[in-house]
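**Student:**
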Amino acid sequence: MLHLLVGLGNPGKGYELTRHNVGFMIIDALMHHFLFPDFKKKHNALISSGSIQSYKVILAKPYTFMNNSGAPISSIVKLYKIPLDNIIVFHDETDIDFCTIRIKKGGGNAGHNGLKSIDTLLGRDYWRIRFGIGHPSNGYDLSHHVLSQFNNLNAVNNTISNIIEHISLLFENDKSIFKNKVKDLIKYTDISS
Numbered sequence: 391m392l393h394l395l396v397g398l399g400n401p402g403k404g405y406e407l408t409r410h411n412v413g414f415m416i417i418d419a420l421m422h423h424f425l426f427p428d429f430k431k432k433h434n435a436l437i438s439s440g441s442i443q444s445y446k447v448i449l450a451k452p453y454t455f456m457n458n459s460g461a462p463i464s465s466i467v468k469l470y471k472i473p474l475d476n477i478i479v480f481h482d483e484t485d486i487d488f489c490t491i492r493i494k495k496g497g498g499n500a501g502h503n504g505l506k507s508i509d510t511l512l513g514r515d516y517w518r519i520r521f522g523i524g525h526p527s528n529g530y531d532l533s534h535h536v537l538s539q540f541n542n543l544n545a546v547n548n549t550i551s552n553i554i555e556h557i558s559l560l561f562e563n564d565k566s567i568f569k570n571k572v573k574d575l576i577k578y579t580d581i582s583s
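Here our numbering is used: the first residue of the sequence shown is 391, the next is one more, and so on.
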């Protein structure tokens, strides 16, 4: 059975390593760790196909801006006939603590424009992995916060490494175990969060 792992973000050098692009960072790390081939541009997304353990996986990064993420994802899902239950979307989340992971199927989009776009075209019955980027300090603009770079990139990379180490649990229907395994005992802070 084919699985689709999607990372949300914005294309372009100016957005690399920003909080809003943590989904792209996770997909890039998975590609390198599991030796997937280089990304190819298809369906207005960067796509790489390979295997994680015995599971066939497509890694995808929409090559549109965040607000239009749904169109390329919808094209991939329709072309490869991927069931919604086999779609996992990694995205940033301001409403949970920095480097905290939450996983859920369906539900609201909490104002996340990338999720809104996907929900409009596919519905809400897919899996989401929310990566906490922290909430901005009082008086700090939310859009500036999500489009700024992380101050504690080590913590981000450690959390992404934990995701990679336990990623196969997502394919084995052990999603709650995945969340517990990825939880780190260290409470990270991001200086400006």
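Glycine included, every Cβ here is placed at the ideal spot set by N, Cα and C.
Round the Cβ separation of I523 and V412 to the nearest angstrom and send it over; I've been treating them as touching at under 8 Å.
**Tutor:** As a position in the sequence shown, residue 523 is number 133, starting the count at 1. As a position in the sequence shown, residue 412 is number 22, starting the count at 1. That belief holds up - the Cβ atoms of I523 and V412 are roughly 6 Å apart, short of 8 Å.
**Student:** Counting Cβ pairs, one atom from each stretch, are 3 or more of them under 8 Å apart for the region 441-457 and the region 564-571?
**Tutor:** Contact fails: fewer than three Cβ-Cβ distances are below 8 Å.
**Student:** For the alpha helix (DSSP H) that contains H422, what are its first and last residues?
**Tutor:** On the sequence shown, residue 422 is found 32 positions in, with the first residue counted as 1. Residues V412 to H423.
**Student:** Short of 6 Å in beta carbon distance, which residues of its chain neighbour S439, apart from the five on each side in sequence? Order them along the chain.
**Tutor:** For this step, residue 439 is matched to residue 49 along the sequence shown. So the qualifying residues of the chain are I448.
**Student:** So who's on the other strand from K446, going by DSSP bridges?
**Tutor:** Working through the sequence shown from its first residue, we reach residue 446 at position 56. For K446, which the question treats as bridged, DSSP gives the partners L392 and S441.
**Student:** Taking only three categories from DSSP, how would you classify I523?
**Tutor:** Counting from 1 along the sequence shown, the entry for residue 523 is found at position 133. Coil at I523, not helix or strand.
**Student:** Starting from the Cα of I416, find the closest Cα among T510, H535, I491 and N528 and give me that residue.
**Tutor:** To locate residue 416, count along the sequence shown from 1; it is residue 26. If we check each option's Cα against that of I416, I491 comes out closest.
**Student:** Closest to I477 by C-alpha separation, out of K495, F426 and H433, would be which residue?
**Tutor:** The residue you call residue 477 lines up with position 87 of the sequence shown. Of the listed residues, the one whose Cα sits closest to I477 is K495.
**Student:** Where does the unbroken beta strand (DSSP E) through F480 begin, and where does it stop?
**Tutor:** Translated into the one-based positions of the sequence shown, residue 480 becomes position 90. I477 to E483 is the extent of the beta strand (DSSP E) around F480.
**Student:** Does the separation of the CB atoms of I519 and F480 fall below 8 Å?
**Tutor:** Sequence index remark: in the sequence shown, residue 519 carries index 129 (1-based). Sequence index remark: in the sequence shown, residue 480 carries index 90 (1-based). Taking 8 Å as the Cβ cut-off, I519 and F480 qualify as a contacting pair.
**Student:** Pick from Y516, Q443 and T549: whose alpha carbon is nearest that of L559?
**Tutor:** The count along the sequence shown starts at 1 and reaches residue 559 at position 169. The candidate whose alpha carbon is nearest that of L559 is Q443.
**Student:** Provide the residue(s) that pair with T408 in DSSP beta bridges, ordered along the chain.
**Tutor:** Here residue 408 corresponds to residue number 18 of the sequence shown, with the count starting at 1. Paired residue(s): Q539.
**Student:** Beta carbon of L474, beta carbon of D515: below 8 Å?
**Tutor:** Within the sequence shown, the letter at position 84 stands for residue 474. Within the sequence shown, the letter at position 125 stands for residue 515. Result yes, Cβ atoms of L474 and D515 sit closer than 8 Å.
**Student:** Anyone know if the C-beta pair for L425 and L543 falls short of 8 Å?
**Tutor:** As a first step, residue 425 must be located in the sequence shown, where it is residue number 35. As a first step, residue 543 must be located in the sequence shown, where it is residue number 153. Not a contact, by the Cβ cut-off of 8 Å.
**Student:** List the whole-angstrom C-beta distance separating D482 from A500, where the pair is believed to meet the contact cut-off of C-beta under 8 Å.
**Tutor:** The residue given as residue 482 occupies position 92 in the sequence shown. The residue given as residue 500 occupies position 110 in the sequence shown. The pair is not a contact, with the Cβ atoms about 11 Å apart (cut-off 8 Å).
**Student:** Confirm, please, whether the CB-CB distance from I466 to I508 is below 8 Å.
**Tutor:** As a working note, residue 508 is residue 118 in the sequence shown. As a working note, residue 466 is residue 76 in the sequence shown. Going by C-beta atoms, I508 is not nearer than 8 Å to I466.
**Student:** From which residue to which residue does the beta strand (DSSP E) around I493 run?
**Tutor:** In the sequence shown, the residue the question calls residue 493 occupies position 103. First-last of the beta strand (DSSP E) with I493: I491 to K495.
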